Amino acid sequence: MNLKQDLTFARVAAEQMDDYLHAEVLFYPVGSVDGIQMPQLTIGAWLETEWRLNALREAHPDEIGDVLAAAQAEVRKVRHRIPDLYQNKARREFKSRLDSWEMFLQDRHEATAQPEPYNAPRSGYAERVHTRFRLELLKDDVAQLGDQLSRLRMLDGRLRMRFKPGAFIWEPELAPAAPADKFWFLYAKL
Numbered sequence: 508m509n510l511k512q513d514l515t516f517a518r519v520a521a522e523q524m525d526d527y528l529h530a531e532v533l534f535y536p537v538g539s540v541d542g543i544q545m546p547q548l549t550i551g552a553w554l555e556t557e558w559r560l561n562a563l564r565e566a567h568p569d570e571i572g573d574v575l576a577a578a579q580a581e582v583r584k585v586r587h588r589i590p591d592l593y594q595n596k597a598r599r600e601f602k603s604r605l606d607s608w609e610m611f612l613q614d615r616h617e618a619t620a621q622p623e624p625y626n627a628p629r630s631g632y633a634e635r636v637h638t639r640f641r642l643e644l645l646k647d648d649v650a651q652l653g654d655q656l657s658r659l660r661m662l663d664g665r666l667r668m669r670f671k672p673g674a675f676i677w678e679p680e681l682a683p684a685a686p687a688d689k690f691w692f693l694y695a696k697l
């Protein structure tokens, strides 16, 4: 986690959200800003950054407060002005990330001779769980289609069958913002 990168991305996401929603591409290249490589802009990337900054706001009020508030206000303004574009893009991203998450689980299933936990050491789970996390954020942000939600429930069932619960896998200061009942997949033995 890099606070400076998150703050920069929040500002850039707010500035480019309108262009992004009008663009045909789902993963919008941002490039480098002030010498910091930015992730591609998606609604899920924005939501994860917003979540992380909200989680850290109390510990870093001077750095985060105004930047996050301004970014949230701008994204809200764009979203309310073109709600259909926002909803459609969020649903496209949900499906894309769901496909990616399913491929990861399928690859892990096929790569192991024995029923090894999906979150076993060297499985790539710690990196790939961002996909599952963004699915949760997108699901909460925009009403998703029933068939996609059914797929997510099915994949969660598959994951739970071969999952070893454990400690919170991200930075400890983020744990209070990620209750284990909702974000159970972030509490894994790696």
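Residue numbering for the sequence shown follows my numbering, beginning at 508 and increasing consecutively.
C-beta atoms are modelled at their ideal positions from N, C-alpha and C, and glycine is treated no differently.
Everything numeric in this text was worked out from a predicted model, so none of it was measured.
Among all the DSSP beta bridges, which residues are the ones paired with residue i?
i, result
"ALA695", "PRO672"
"VAL540", "ILE543"
"LEU514", "None; LEU514 has no bridge partner."
"LEU548", "TYR535"
When burial is assigned at 16 or more other CB atoms within 10 Å of the CB, is residue i buried or exposed?
i, result
"ALA650", "exposed"
"GLU557", "buried"
"GLY538", "exposed"
"ARG615", "buried"
"GLU600", "buried"
"PRO536", "exposed"
"GLY572", "exposed"
"ARG635", "buried"
"VAL532", "exposed"
"GLU555", "buried"
"LEU560", "buried"
"MET524", "buried"
"ALA695", "buried"
"ASP648", "buried"
"PRO568", "exposed"
Within its chain, find whatever has a CB closer than 7 Å to the CB of residue i; leave out the 5 residues flanking it on each side and keep chain order.
i, result
"LYS511", "ILE543"
"LEU612", "TYR625, LEU662, ARG665, LEU666"
"ALA566", "GLU680"
"SER607", "THR638"
If you follow the alpha helix (DSSP H) that residue i is in, where does it begin and where does it stop?
i, result
"ILE571", "568-588"
"LYS646", "632-648"
Going by beta carbon distance, what residues of the same chain come within less than 6 Å of residue i, once the five residues before and after it are set aside?
i, result
"ARG586", "TYR593"
"ARG604", "THR638, ARG641, LEU642"
"ALA684", "ALA562"
"VAL582", "ALA521, MET524"
"ALA682", "PHE675"
Closer than 8 Å by C-beta to residue i: which residues in its own chain qualify, once you throw out the five before and the five after it? Chain order, please.
i, result
"LYS689", "GLU643"
"LEU528", "VAL585, ILE589, LEU592, TYR593, LYS596"
"GLU609", "ARG658, LEU662"
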